[in-house]
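Undergrad:
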Amino acid sequence: MAATDNDDDLEFMDIDDEYIIDQFNSQLAELRKDKLLFQHPAPAPNHPNDLAVGRARSFVILDTNYLISHLGFLKELVGQCAKSNGTVLIIVPWVVIQELDGLKQNTALRGQKIHECFEDRVEAS
1 MAATDNDDDL EFMDIDDEYI IDQFNSQLAE LRKDKLLFQH PAPAPNHPND LAVGRARSFV
61 ILDTNYLISH LGFLKELVGQ CAKSNGTVLI IVPWVVIQEL DGLKQNTALR GQKIHECFED
121 RVEAS
């Protein structure tokens, strides 16, 4: 998904509150213990050219914690990569997507508090 400045798109923001970061990290630790999370890995591409790896000179592999904590940097990174004509490739591992989905869908009280706090911060910005 490309980051744009359209009104319909999400606004990126950094999370710098230590409490929120600690809560996200706790939730991620719990998700990583869940063996069901890793039962359906993404299929590998059929051919190396499927990912345009041959053109890329640099690779950026994103981690869940970094994505959560540095969304402003991610927006800039996506913009710079779009200008790189395929020489920079951003990689979001399948497990990172699963962890973010797990955090989004968490119905535990702690997860709800994190989600509410996150929504409050998004609305405030």
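Residue numbers 1 to 125, in UniProt numbering, belong to the letters of the sequence shown in order.
A virtual CB, placed ideally from N, CA and C, is assigned to each residue, including glycine.
Keep in mind it's a predicted model, so treat the numbers as computed, not measured.
(1) So the beta strand (DSSP E) Leu89 belongs to, where does it begin and stop?
(2) Would DSSP call Ser26 helix, strand or coil?
(3) When the distance is taken between beta carbons, is Ala56 closer than 8 Å to Leu77?
(4) Measuring alpha carbon to alpha carbon, tell me which of Asn85, Ile61, Pro93, Asn65 ends up nearest Asp22.
(5) Expressed to the nearest angstrom, what Euclidean distance is found between the alpha-carbon atoms of Pro96 and Ser58?
(6) Whose CA, out of Ser26, Gln80, Asp17, lies closest to the CA of Leu103?
(7) Anyone know if the C-beta pair for Val60 and Ile20 falls short of 8 Å?
(8) Mapping the DSSP letters down to three states, classify Ser58 as helix, strand or coil.
(9) Run through DSSP, which three-state label would Phe73 get?
(10) In whole angstroms, give me the CA-to-CA distance for Glu99 and Gln80.
(11) Determine the direct distance from the alpha carbon of His70 to that of Asp17, and round the result to whole angstroms.
TA: Working from what's here:
(1) Looking at the DSSP string, the run of the beta strand (DSSP E) that includes Leu89 is 88-91.
(2) For Ser26, the three-state secondary structure derived from DSSP is helix.
(3) Remark: C-beta atoms of Leu77 and Ala56 do not approach each other more closely than 8 Å.
(4) Among Asn85, Ile61, Pro93, Asn65, the Cα nearest to that of Asp22 is on Asn65.
(5) The displayed chain sequence assigns Val, not Pro, to residue 96. In this structure, the alpha-carbon of Val96 lies about 20 Å from that of Ser58.
(6) For the residues Ser26, Gln80, Asp17, the minimum Cα distance to Leu103 belongs to Ser26.
(7) It is not a contact, given that the beta carbons lie outside the stated cut-off.
(8) If DSSP states are grouped into helix, strand and coil, Ser58 belongs with the strands.
(9) In the displayed model, Phe73 falls within a helix according to three-state DSSP.
(10) In this model, Glu99 and Gln80 are separated by some 26 Å (Cα to Cα).
(11) Those two C-alpha atoms are separated by around 12 Å.
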